[in-house]
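Going by our numbering, the first residue of the sequence shown is number 1, and it counts up by one from there. Step one of this worksheet: look at the structure below.
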Amino acid sequence: MTEQVWIEAALSSARPQAVSALLRYFRDLDTAEEAFQEACLRALRTWPKNGPPRDPTAWLIFVGRNAAVDAVRRRKKQTELPDEDKLSDLGDAEDAAVERLDGADYRDDILRLLFICCHPDLPATQQIALALRIVSGLTVRQIARAFLVSEAAMEQRITRAKSKVGGAGVPFETPGAVERSQRLAAVAAMVYLIFNEGYSAGVNERQARAPLCEEAIRLGRLLLRLFPTEPEIMGLVALILLQHARADARFDAEGNAILLDDQDRSQWKRPLISEGLALIDKAMRHRRPGAYQVQAAIAALHARAARPEDTDWVQIELLYRSLEALQPSPVITLNRAVAVSKTEGPAAALDLIEPLAEKLSGYFYFFGVKGNLLMQLGRKEEARVAFDRAIALANTAAEAAHIRMHLDRLMADAGTPVSAPGAAR
């Protein structure tokens with residue numbers, strides 16, 4: 001690893017701890033960010049000459065804090081300053097800083113920063129954008145590209161989020177045990193939302209949005225270090241690892257989506273699968289089931305199957321029943337119907353999803369699943385109508401192309417030209 005690469009890696013790794021500690025000190029997101037950036041600039045100038053500090057994070061916090069205080073002085077703002085001995089560069093200031101900044105401080109500071117980004121008054125899109133900017137350090141350009149919006153629009157989104165947090169008087173103290181437990185669910189949900197923003201991208205968006213998956217995994221691992229005995233966080237990390245392991249097999253060379261049963265399993269990333277399987281096994285030993293653990297257990301059953309026909313659909317259907325009890329949702333019932341179609345046949349699955357029609361009337365996957373079940377039952381005209389509706393509701397070109405493939409096959413089997421009315425809609 002070259003010197004420049006090592007420095008950049010050290011700065012990126014230190015960012016959550018350093019920014020959150022500076023936020024605790026200055027209680028202002030912009031000031032904390034500016035202080036960290038100034039510390040990074042000084043690190044790039046001094047570390048190549050003087051060598052790396054013993055604790056890069058503590059060095060960045062100390063230097064960033066002093067730089068921000070100096071900036072306050074220059075602006076002549078009426079801000080209470082620390083004692084002079086804390087600002088002096090005399091003596092081994094770095095050692096003193098390291099002694100004050102132990103692992104517990106880092107833990108609480110990162111937790112505080114994550115919770116601030118998950119302020120309940122912020123829309124989910126602003127929570128994600130703020131976390132990617134403040135915690136992860138992605139540039140506005142990178143975030144805007146991932147969300148397919150202009151830089152100006154993303155800048156406004158982040159600015160509004162910061163203003164909302166600043167105006168709401170969010171406390172900068174580490175929450176107590178009860179509040180921490182309540183907020184942890186919001187933080188975990190934010191990490192999973194970040195992952196899904198990348199995972200749900202179509203083939204044309206993958207290059208721009210794939211970093212979101214990697215960043216969600218990094219944040220999930222960070223959260224796991226903060227809560228090493230929390231089984232739901234183990235389940236969350238296991239889930240995103242097992243899903244991301246299949247990334248390279250999800251689209252063909254033309255950009256068409258490939259269903260799980262049709263994927264080339266040799267392309268699945270075994271190291272990620274092994275890590276995910278170990279985590280979900282560890283989580284389940286705690287016997288405190290949660291939604292992320294159940295979803296990860298379902299993903300694990302798919303990952304453990306060497307061939308599609310080896311998949312334990314009976315167990316998957318039972319896990320979806322458990323998930324319905326923990327988190328009732330028509331979408332979860334729809335997913336359970338897929339497992340039911342494997343164990344009891346398409347008719348039983350169709351009976352299960354029919355009551356969902358009104359609630360899922362605008363959901364692409366509902367009509368895709370319904371069309372597939374109807375096609376298996378030989379009800380081809382009804383299947384064509386369902387597939388047409390799915391195409392109309394598709395969110396990406398890949399989704400539409402996948403349904404069109406089923407529709408073309410249906411029309412070919414029926415001896416009907418693929419250009420039949422509605423087929424290309």
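Note that the Cβ used here is the ideal one computed from N, Cα and C, for glycine as well.
**Prompt:** Exposed or buried, Ser136, counting other C-beta atoms within 10 Å across all chains shown (16 or more means buried)?
**Reply:** Buried: at least 16 other Cβ atoms inside 10 Å.
**Request:** Run through the region 258-284 for me and flag every whole alpha helix (DSSP H) of 4 or more residues, listed as ranges in chain order.
**Result:** 270-284, all fully within the region 258-284.
**Message:** If I follow the unbroken alpha helix (DSSP H) through Glu34, where does it start and stop?
**Reply:** From DSSP, the alpha helix (DSSP H) with Glu34 extends over Leu29 to Asn50.
**Asked** Fully enclosed by the region 319-406, which alpha helix (DSSP H) runs are 4 residues long or longer?
**Response** Within the region 319-406, complete alpha helix (DSSP H) segments of at least 4 residues are found at 330-343, 346-353, 364-376 and 380-393, given in chain order.
**Request:** Using alpha carbons as the reference points, say which of Arg157, Asp55, Val187 and Ile280 lies closest to Cys118.
**Result:** Of the listed residues, the one whose Cα sits closest to Cys118 is Val187.
**Beta-carbon proximity of Leu304 to Leu277, cut-off 9 Å** = The sequence given here has Arg at residue 304, not Leu. Yes; because the gap between Cβ atoms is below 9 Å, this pair is in contact.
**Message:** Cutting at 6 Å between CB atoms, please list the residues of its own chain near Leu279, excluding the five before and the five after it.
**Reply:** Contacts found: Met234, Val237 and Ala238.
**Request:** State the start and end residues of the unbroken alpha helix (DSSP H) segment that holds Thr311.
**Result:** Thr311: not part of any alpha helix (DSSP H); DSSP gives it neither H nor E.
**Request:** Determine, using beta carbons only, whether Leu29 and Ile134 come nearer to each other than 9 Å.
**Result:** In this structure, Ile134 lies closer than 9 Å to Leu29 by Cβ.
**Request:** Taking 8 Å as the threshold, find out whether the region 218-235 comes into contact with the region 262-271 through three or more Cβ pairs.
**Result:** Not touching, per the Cβ criterion.
**Item:** Separation of Asn50 from Asn196, as counted between CA atoms
**Value:** Approximately 42 Å, taken between the alpha carbons.
**Request:** State the DSSP-derived secondary structure class of Phe147, mapped to helix, strand or coil.
**Result:** In this structure, DSSP gives Phe147 a helical state, which the three-state scheme calls helix.
**Message:** Can you tell me which residues form a DSSP beta bridge with Phe251?
**Reply:** For Phe251, which the question treats as bridged, DSSP gives the partners Ala257.
**Message:** Less than 7 Å between C-beta atoms, sequence neighbours within five positions excluded: which residues of the same chain meet that for Gly64?
**Reply:** Same-chain partners within the cutoff: Ala18, Leu22, Ala35, Phe36, Glu38 and Ala39.
**Message:** Applying the 10 Å Cβ sphere with the 16-neighbour rule, what's the burial state of Arg73?
**Reply:** It is exposed - the Cβ of Arg73 has fewer than 16 other Cβ atoms within 10 Å.
**Asked** Among residues of its own chain, excluding the 5 on either side of Gln126, which ones have a beta-carbon nearer than 7 Å to its beta-carbon?
**Response** By the criterion of a C-beta distance shorter than 7 Å, Gln126 is surrounded in its chain by Arg157, Arg160 and Ala161, once the five residues flanking it on both sides are discounted.
**Request:** Confirm, please, whether the CB-CB distance from Gln295 to Leu272 is below 9 Å.
**Result:** For Leu272 and Gln295, no; Cβs fall outside 9 Å.
**Prompt:** From Val314 to Leu41, what distance separates their C-alpha atoms?
**Reply:** Rounded to whole angstroms, Val314 and Leu41 show a C-alpha spacing of 57 Å.
**Prompt:** Is Asn446 buried or exposed, if buried means 16 or more other CB atoms sit within 10 Å of its CB?
**Reply:** Any property of residue 446 remains undetermined from this structure, which presents the chain solely from 1 to 425.
**Message:** Quick check: the Cα distance between Asp261 and Trp6, rounded to an integer number of angstroms?
**Reply:** Spanning the two alpha carbons is a distance of roughly 41 Å.
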